[in-house]
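Student: Position one of the sequence shown corresponds to residue 255 (my numbering), numbered consecutively onward.
C-beta: ideal position from N, C-alpha, C; glycine also.
Bear in mind that the values here come from a model prediction, so they are computed numbers and not experimental data.
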Amino acid sequence: MSKNSDLAKLENILKYIHDIETIIKRHETAENTLKDIEGNYAVMMCLFQIGECLKNITSESMIPRLPVK
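(1) Output the distance between the C-alpha atoms of K309 and Q303, rounded to the nearest integer angstrom.
(2) Who are the Cβ neighbours of I277 in its own chain at under 8 Å, not counting the five residues just before and after it?
(3) Are there 16 or more other CB atoms within 10 angstroms of the CB of I291, so buried, or fewer, so exposed?
(4) Going by DSSP in three states, L320 sits in which element: helix, strand or coil?
(5) Apart from the five residues on each side of it in sequence, which residues of its chain come closer than 7 Å, Cβ to Cβ, to M316?
(6) Where does N294 sit, in a helix, a strand or coil, going by DSSP?
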């Protein structure tokens, strides 16, 4: 994989983080978000997608900087 592809994955992760922030703002608090079935599913899907993006990063220079195994 190319470095550009990994950068695109990192950009997607930032988008998902922004999406989570937006979802929580709509529900006013993280607790309210997780109590709401749609909010809960939306946040969990974003977290799943973040995990998938992180799992697929191949750059040897990026991997040590990421807090994942």
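Tutor: By the coordinates alone:
(1) Here residue 309 corresponds to residue number 55 of the sequence shown, with the count starting at 1. Here residue 303 corresponds to residue number 49 of the sequence shown, with the count starting at 1. Taking C-alpha positions only, K309 is separated from Q303 by approximately 10 Å.
(2) Position 23 of the sequence shown holds residue 277. So the list reads T287, G293, A296, V297, C300, once near-sequence residues are dropped.
(3) Numbered from its first residue, the sequence shown carries residue 291 at position 37. Its Cβ having fewer than 16 others within 10 Å, I291 is exposed.
(4) Here the question's residue 320 lines up with position 66 in the sequence shown. Here L320 sits in coil by DSSP.
(5) Residue numbering aside, residue 316 sits at position 62 when the sequence shown is read from its first letter. Same-chain partners within the cutoff: D260.
(6) Mapped onto the sequence shown, residue 294 falls at position 40. Helix.
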